Each structure stands twice: as structure tokens, then as C-alpha cells.
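Q: One structure follows; several queries about it will come next.
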Amino acid sequence: MESPANTEPALFKNVPPMYFNLTATYRTDSDIRMFYGAFRERSQKVNISEKVASIIKKKKNLALQLVSNCHTQSNRETLAKELGKFMNITSYGSCFGRTCDEKCEEDAVESHFFYLAFENSVCPDYVSEKFFRLSRGIVPVVLSRKIAQNVAPSESFIAVDDFPTPKDLAEYLIHVAAHKQLYALYLRWMESYEVEKSNWGACDLCKAAHEKPKSVKHAENWWNSEKCWVNYAALNLKSDANWSSFASDCGFLVLLLMIFVVLFAQNGDLMTSV
């Protein structure tokens with residue numbers, strides 16, 4: 001699935017009004033919701049102490065990115081390049097001339113603390129398979145907190161727009177990787193949630209086919225009504241003061257406060273195991 005930013009205008013060329021009966025996309029306002037992954041709350045919490053300890057024990061490298069689209073609307077490549085000035089990033093994909101098969105990816109995810117889950121476009125509700133690599137025990141770093149927190153627990157990822165500058169983000173990632181207790185907090189979502197694999201809406205589509213048909217008056221207008229932010233990742237790279245201009249209300253200071261409150265409030269069961 002791609003966002004409107006990566007949809008060819010010709011897709012809707014010569015399509016008359018009322019042509020489509022249903023919408024089936026990643027967007028929450030679709031008739032049929034399709035997604036790369038979803039969090040499902042467990043009926044009761046589970047003990048993840050040993051699992052988290054095992055995950056962290058295998059971490060050797062800081063950050064990983066797998067990139068095949070080298071020139072994006074979000075301009076994630078510019079941000080990744082800037083981050084690379086302050087931290088080590090392992091890069092795979094055609095953009096770097098380094099292929100990485102399934103086994104390579106599995107090993108890389110296992111050995112890295114963070115995955116740069118920078119989307120090729122920043123659009124409402126758009127969260128791709130990049131983010132859901134977190135189910136394999138890696139912490140995703142996303143471009144927009146506002147978008148990610150609509151689909152995932154807020155403490156399961158780190159957001160670029162929570163930080164004043166890329167340098168501040170890099171320093172924080174290095175700090176978290178160096179402190180196992182702090183890193184473990186980003187895996188605590190596993191206690192209460194599990195990740196459901198991608199759902200392409202086949203069952204919902206079958207059900208809809210047996211219901212009274214309706215029509216989408218102007219599918220093109222609907223699809224393009226949610227605007228994507230152009231050049232999001234590179235915004236204010238040259239400004240140390242305004243990197244967080246698109247940050248959501250839950251900012252970096254609130255996130256830090258939450259982390260330290262949880263860190264000192266817990267009974268130590270999880271922390272002592274790592």
C-alpha cells in the first residue's frame with residue numbers, strides 16, 4: 001500500500017463519479033481498513049523479563065535502516081544523512097548498493113537497538129511495514145509522533161519530532177542504548193500487547209460484496225483530501241530552535257518524565273533481569 005504522495009494521478013484519469021463502490025486503504029476512514037500491522041491488547045499482562053533480557057543481550061549495534069526508495073517526498077534521506085554525522089547507522093538496500101535478504105534482515109534486526117522507520121511520505125494514518133519490525137524486538141524511530149501514536153503505544157517508539165535537532169536525537173539514542181534499563185522501557189509494551197500481522201481486508205471485502213451496494217461519489221477527491229507533508233524529515237535541519245514545529249502535544253519533556261517516573265516506580269522485577 002502506498003500513500004497519495006506515491007499514487008500516480010493517472011490512476012483516476014477518466015474515472016467517472018460514483019464509479020467505485022467502496023474504499024479499501026490504510027486510512028481509518030476507509031470502508032475497509034487495510035494495515036501492515038496492529039496492536040491487540042492482551043486479556044492479561046504477561047511476564048516478559050526473560051524475553052527482554054534475551055533481546056537486549058543480542059544487541060551490538062546502534063541503528064539500522066533498509067532503504068530502496070532513495071528520493072522521497074518526506075526527504076528522509078536528508079535526515080538520515082544528518083544523523084549519520086553524530087551516530088553509527090548500518091545501511092542496507094539498493095540506495096547503498098548493499099542487498100540484504102531475509103536472513104540478513106533477521107540478523108540485522110536482532111543485533112541493532114533501533115530501526116530508522118522513516119516513511120517515504122508523512123501522511124495521516126500511514127504507517128508501513130517498517131514500523132512493525134518492532135515485533136521482532138527492535139525499537140523504531142519514526143518521523144512523526146502524532147501519526148505513530150494513533151496506531152501504537154506511545155512508549156513503544158521514539159519520534160524525531162520530539163527533539164530540537166538531529167544531534168539531540170542521536171545523543172539520546174546513544175544514551176538509551178548504553179543504559180539497558182532505559183532501553184527495556186521501550187519493550188514493555190510486550191507485557192500488555194501483541195502485534196497482529198498485516199490484514200488486507202479480504203474477509204471484510206467478501207462481506208461487503210453480499211451487502212447492499214453503495215457508491216463513492218468522488219473517489220479521487222476523497223483519496224487526496226488527506227494532505228501529506230512535503231519535505232517533513234528535512235524541515236528545520238538548519239534551525240536548532242524549531243525542529244519540533246510539528247511535534248504533538250506529547251513532547252520530549254513529557255516523554256522523559258514518563259520514562260523516569262516508570263523507571264523509579266517499578267518494583268525492579270524487569271530491571272534486575274537485564
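Quick note: the sequence shown, position 144, residue 144 per the UniProt record's numbering, numbers continuous.
Note that CB positions come from ideal geometry on N, CA and C, so glycine has one too.
Keep in mind it's a predicted model, so treat the numbers as computed, not measured.
Go through its chain and collect everything with a Cβ distance to S3's Cβ below 7 Å, but skip five positions before and after it.
A: S121, C123, Y126 and C228
Q: When you compare the CB positions of C100 and C70, do they come within less than 7 Å of one another, or not?
A: Not a contact, by the Cβ cut-off of 7 Å.
Q: Where do the ends of the beta strand (DSSP E) carrying I89 lie?
A: Per DSSP, I89 belongs to the beta strand (DSSP E) from I89 to Y92.
Q: Bridge partners for Q149 per DSSP, in chain order?
A: Paired residues: none, contrary to the question.
Q: Tell me which residues share the same chain as V15 and place their Cβ nearer than 6 Å to its Cβ, disregarding the 5 neighbours each side in the sequence.
A: Nothing listed; no residue qualifies.
Q: On the CB-based measure, 16 or more other CB atoms within 10 Å of its CB, does Q44 come out buried or exposed?
A: exposed
Q: Give the secondary structure of E191 by DSSP, where H, G and I count as helix, E and B as strand, and everything else as coil.
A: helix
Q: Could you pull the start and end residues of the beta strand (DSSP E) that L66 belongs to?
A: N61 to L66
Q: Quick one: measure Cβ to Cβ for W189 and S156, integer angstroms, because I've assumed they're closer than 8 Å.
A: The beta carbons of W189 and S156 sit about 4 Å from each other, so the pair counts as a contact at 8 Å.
Q: Taking one C-beta from the stretch 52 to 62 and one from the stretch 97 to 114 each time, how about it: are there three or more such pairs within less than 8 Å?
A: yes
Q: Is the beta carbon of T78 closer than 7 Å to that of A234?
A: yes
Q: DSSP on F113, reduced to helix/strand/coil?
A: strand
Q: Pick from I147, E106 and E105: whose alpha carbon is nearest that of H160?
A: Sequence inspection shows Val at residue 160; the His mentioned does not correspond to that position. Ranking I147, E106 and E105 by Cα distance to V160 puts I147 first.
Q: Quick one: Cα of F163 to Cα of E171, how far?
A: 10 Å
Q: Are the CB atoms of R133 and V109 nearer to each other than 7 Å?
A: Against a cut-off of 7 Å, the Cβ pair of V109 and R133 comes out as a contact.
Q: Could you pull out every residue in the same chain whose Cβ sits closer than 7 Å to the Cβ of T28, ignoring the five residues on either side in sequence?
A: Taken in chain order, the residues that qualify are D125.
Q: Who are the near neighbours of R40 in its chain, counting only those whose CB is closer than 6 Å to its CB and skipping five residues on each side?
A: E194 and E196
Q: Are G37 and V67 closer than 7 Å when you measure CB to CB?
A: no
Q: Report the CB separation of N75 from N231 in whole angstroms; it is logged as a contact under 8 Å.
A: The pair is a contact, with the Cβ atoms about 5 Å apart (cut-off 8 Å).
Q: Going by Cα to Cα distance, which pick from A24, M87 and R98 is closest to L173?
A: M87
Q: Within the continuous alpha helix (DSSP H) that includes Y183, where are the two ends?
A: K180 to L185
Q: If I'm right that residue 275 touches L187 with Cβ under 8 Å, what's the distance once you round it to whole angstroms?
A: Residue 275 lies beyond the residue range present for the chain, which begins at 1 and ends at 274; the question has no answer from this structure.
Q: Over the uninterrupted alpha helix (DSSP H) stretch that includes R76, give me the two end residues.
A: It spans R76 to L83 - the alpha helix (DSSP H) in which R76 sits, taken as one unbroken run.
Q: From the DSSP output, in three-state form, read off V139 for me.
A: In the displayed model, V139 falls within a strand according to three-state DSSP.
Q: Taking just the CA atoms, how far does K180 sit from K51?
A: 14 Å
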